[in-house]
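Inspection log for the structure reproduced underneath, given as structure tokens.
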Amino acid sequence: MTAGWDVVVVGLGALGSAAAWALAGAGARVLGLEQFELGHARGASHDHARIIRRSYHTPGYVRLAGLAYQAWAELEREAGERLVVTTGGLDLFPAASAIPPGPYRASLEACGVPYQWLDAAEVMGRWPAFRLDAGVRGLWQADGGMVPAARGTRLMQRLAAGHGATLLDQAPVTAVRDLGGSVEVTAAGTTFRAGRLLLCADAWTGGLLAQLDAELPLVVTQEQFSYFRPADPAAFAPGRFPVWIWMDDPSFYGFPVWPGAALKAAQDVGGREVTAATRSFEPDPAASERLAGFLHARLPAAAGGHDHTATCLYTLTPDRDLVLGPLAGHDRVLVALGAAHGFKFAPLLGRVLADLALHDGTEVDIAPFAPDRPALTVPGTQASYLV
């Protein structure tokens, strides 16, 4: 038995690493436990880049994104590194799109965030690589861009350790116990006791909750992303081409060429349902064909030579909203889940989780993300994953 920890963080992907960084920076005694090697590629925090954007479907998310940009700037200052690459963000809405543009425009306007509403000709005039039907409209927001996934997670781990956090890899958790006044976690044959437990385990969350006789209606899917080498990489450089999202069903998204000479594109929520144990690392040929077909039709200059395709896991809530807060019936256990769009918020959520663990509250409005909200507790809630 080892005691004396203020907080044990289980899972050192983006959210867990951010929480360890914020907690240790606040002077807490932090133990981080990772079941695999640090920086592993089995979950959702690996690879080069993730989209960061202000454009969202509710004012709450737009405000949260604004705070996230501030948190990334704080991380950049502490690290002495540039992390946010601003490219502008383009949300493309075909006629009668499955994701309606109205809530996005209204939410940006409610928060005073400037944007431009472009017709198809204007989009193709600015970015000639696109091939769009006349009915397509584009929402252009200048602050959109990219943040580094694997590098950003490693950086937060390094800063956490620099503040005194203990980060253990190859330490799978085998038991979790809520003792009322404290919590116990057994990992790699050792039992650790702490004042608070923070679960940032993503696709492995369900198994840990089961040890506390709790559950959340989570669905895990195996997704994939591909890299292509366009004939003219300079045309897709970050200063000349935006991050983009096709706001329909199926939904696709993509990046400029960064880093190197290949660009990344993928389908959002197109994979089969799996578990963390049963997933495969082999790409699905049908998903590859869907993506290639979309690119050839809408962005043919990007669909150059195929470089490689890799897989990742999405852990989805029925409403595709984040999960942040104490587990019902277990006030000393906090749950954090990014719902497969949380990386952009990671530095901010790390600070939110630190506030919850150390002060039982936060100034950030996280009420919509409570683990006991109706979408997670009312049986038969219809799932909707497109955001």
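If you count the sequence shown from 1, you need to add 1354 to reach our numbering. Idealized CB from N, CA, C, for every residue including glycine.
Buried or exposed: where does residue 1347 fall if 16 or more other Cβ atoms within 10 Å of its Cβ makes it buried?
Absent from the structure is residue 1347, since the part of the chain shown begins at 1355 and ends at 1741.
For residue 1531, collect the residues of the same chain with a Cβ closer than 6 Å to its Cβ; drop the 5 residues on either side in sequence, then sort them by chain order.
By one-based count along the sequence shown, residue 1531 stands at place 177. When the five nearest sequence neighbours on each side are left out, the beta carbons in the same chain lying within less than 6 Å of the beta carbon of residue 1531 are those of 1538, in order along the chain.
Cα separation between residue 1383 and residue 1487?
In the sequence shown, residue 1383 corresponds to position 29, counting from 1. In the sequence shown, residue 1487 corresponds to position 133, counting from 1. The straight-line gap separating the alpha-carbon atoms of residue 1383 and residue 1487 is approximately 56 Å.
Start and end residues, beta strand (DSSP E) containing residue 1500:
As a working mapping, residue 1500 is identified with position 146 in the sequence shown. Taken as a continuous stretch (DSSP letters only), the beta strand (DSSP E) holding residue 1500 covers 1499-1502.
Contact check, residue 1683 vs residue 1555, beta carbons under 7 Å
Your numbering for residue 1683 matches position 329 in the sequence shown. Your numbering for residue 1555 matches position 201 in the sequence shown. Not a contact, by the Cβ cut-off of 7 Å.
Segment contact flag, the stretch 1614-1629 with the stretch 1568-1587, C-beta cutoff 8 Å, min 3 pairs
Yes, the stretch 1614-1629 touches the stretch 1568-1587.
Please report the Cβ distance between residue 1573 and residue 1501, rounded to the nearest whole angstrom; I am assuming they are in contact, meaning their Cβ atoms lie under 8 Å.
On the sequence shown, position 219 is the one that residue 1573 refers to. On the sequence shown, position 147 is the one that residue 1501 refers to. Actually they are not in contact, since the Cβ atoms of residue 1573 and residue 1501 sit about 25 Å apart, beyond 8 Å.
Where residue 1466 falls, given that 16 or more other Cβ within 10 Å makes a residue buried
Looking up residue 1466 in the sequence shown gives position 112. Flag for residue 1466 reads exposed.
Can you give the Cα-Cα distance for residue 1306 and residue 1694, rounded to whole angstroms?
Missing from the structure shown is residue 1306; the chain here goes from 1355 to 1741 and no further.
Delimiting residues of the beta strand (DSSP E) encompassing residue 1600
Taking the sequence shown and counting its residues from 1, the one referred to as residue 1600 is at position 246. First-last of the beta strand (DSSP E) with residue 1600: 1597-1600.
For residue 1441 versus residue 1628, is the C-beta distance shorter than 7 Å?
Against the sequence shown, residue 1441 aligns to sequence position 87. Against the sequence shown, residue 1628 aligns to sequence position 274. Taking 7 Å as the Cβ cut-off, residue 1441 and residue 1628 do not qualify as a contacting pair.
Using C-beta distances below 7 Å, list every residue in its chain close to residue 1528, excluding the 5 sequence neighbours before and after it, in chain order.
Translated into the one-based positions of the sequence shown, residue 1528 becomes position 174. Taken in chain order, the residues that qualify are 1540 and 1541.
Candidates 1480, 1679, 1395 and 1675, of which the one nearest residue 1577 by Cα:
Translated into the one-based positions of the sequence shown, residue 1577 becomes position 223. Ranking the options by Cα distance to residue 1577, first place goes to 1395.
Three-state secondary structure (DSSP) at residue 1458?
Position 104 of the sequence shown, counted from the first residue, corresponds to residue 1458. Three-state DSSP puts residue 1458 in a helix.
Cβ-based burial, residue 1575 [other Cβ within 10 Å; buried from 16]:
For the purposes of this step, residue 1575 is taken as the residue at position 221 of the sequence shown. Counting Cβ neighbours within 10 Å, residue 1575 comes out buried, since at least 16 surround it.
Note the first and the last residue of the continuous beta strand (DSSP E) segment covering residue 1532.
Numbered from 1 along the sequence shown, position 178 holds the residue referred to as residue 1532. Looking at the DSSP string, the run of the beta strand (DSSP E) that includes residue 1532 is 1527-1532.
Three-state class that DSSP yields for residue 1402 in the structure shown:
As a working note, residue 1402 is residue 48 in the sequence shown. In the structure shown, residue 1402 sits in coil (DSSP, three-state: anything other than H, G, I, E or B).
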